[in-house]
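Trainee:
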């Protein structure tokens, strides 16, 4: 498919209701309002197409960029290209797809994580804490957990909302995965009270760390 054909298809799949939702939540006006499932189905039909992915990303359209993350070859992208994509992804939905489909699949992710952990750029800080959370869950060897807890305790209250979200998830995963640090992680969550009133659907777990950690530990028992 060509860029024009893809954009036409995305526009056809869009709904005004979802478009309005995206705009309300910070996507900007360049969105068609396409459901995640429809974007994934289109990506499955296109398969891998890095050249098309780059053309779609350049449009600035939300759905085109979401689709681009699914048909790109992340292992071939330079650290500079990935960093620019992360900077471009200021909408949380897109930021999450870039993290999952691009950054976490890159052979450069650890060097980028270390670099971005020192960044004041909200999108880069968000990505850094997302990558750190992955390390906490999958490969914690070499991580200084007390240092991470100290940083979270100090920075969480004033962090940009984009970075705050993944920082909070890092705190929660530390509490879930490290029994020796659980009390401290929960205490930090209680101290700052972040997301204590966050609305969640029935059956879902709140991102409020004390409740989330307790529930996940209970499920693991």
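In our numbering, the protein residues as written are 2 to 222. Each residue gets a CB set at the ideal place from its N, CA and C atoms; glycine is no exception.
#1: Is it true that the CB of residue 186 sits closer than 7 Å to the CB of residue 176?
#2: If I measure Cβ to Cβ from residue 49 and keep anything under 7 Å in the same chain, skipping five residues before and after, which residues do I get?
#3: In this structure, does DSSP put residue 15 in helix, strand or coil?
#4: Does DSSP put residue 69 in a helix, in a strand, or in coil?
#5: In angstroms, rounded to a whole number, what distance separates the CA positions of residue 99 and residue 80?
#6: Roughly how many angstroms lie between the CA atoms of residue 45 and residue 192, to the nearest whole one?
#7: Determine the closest residue to residue 32 out of 47, 13, 111 and 42, with distance taken between C-alpha atoms.
#8: What's the call for residue 196, buried or exposed, on a 16-neighbour Cβ count within 10 Å?
#9: CA-CA distance, residue 88 and residue 95?
#10: Looking only at its chain, what residues have a beta carbon closer than 7 Å to the beta carbon of residue 136, apart from the 5 residues adjacent to it on each side?
#11: For residue 164, I'd like the list of residues in its chain whose CB is within less than 7 Å of its CB, leaving aside the five on either flank, ordered along the chain.
#12: For residue 174, count neighbouring C-beta atoms within 10 Å of its own C-beta (all shown protein chains included) and say buried if the count is 16 or more, exposed if not.
#13: Short check: CB of residue 172 to CB of residue 210, under 7 Å?
#14: What runs of the alpha helix (DSSP H), each 4 residues or longer, lie entirely inside the segment 130 to 193?
#15: Suppose the cutoff is 7 Å on Cβ atoms and the five residues either side in sequence are ignored; what does the same chain contact list for residue 106 look like?
#16: Do you know offhand how far residue 11's Cα is from residue 198's?
Mentor: On the basis of the coordinates in this document:
#1: Cβ distance < 7 Å, so residue 176 and residue 186 count as in contact.
#2: Result list for residue 49: 72 and 74, in chain order.
#3: Coil, per DSSP.
#4: Helix.
#5: If you draw a straight line from the Cα of residue 99 to the Cα of residue 80, it is about 13 Å long.
#6: Between residue 45 and residue 192, the C-alpha separation is close to 45 Å.
#7: Comparing alpha carbon positions, the residue from 47, 13, 111 and 42 closest to residue 32 is 13.
#8: Buried, because 16 or more other Cβ atoms sit within 10 Å of the Cβ of residue 196.
#9: Answer to the nearest angstrom: the Cα atoms are 11 Å apart.
#10: Exclusion of the five residues before and after residue 136 leaves 144 as the residues of its chain whose Cβ lies within less than 7 Å of its Cβ.
#11: Excluding sequence neighbours, residue 164 sits near 123, 126, 127 and 130.
#12: When all chains shown are included, residue 174 counts as buried.
#13: Going by C-beta atoms, residue 172 is nearer than 7 Å to residue 210.
#14: Runs found: 146 to 156, 162 to 178 and 180 to 193.
#15: These residues qualify, in order along the chain: 75 and 76.
#16: Roughly 35 Å between the two C-alpha positions.
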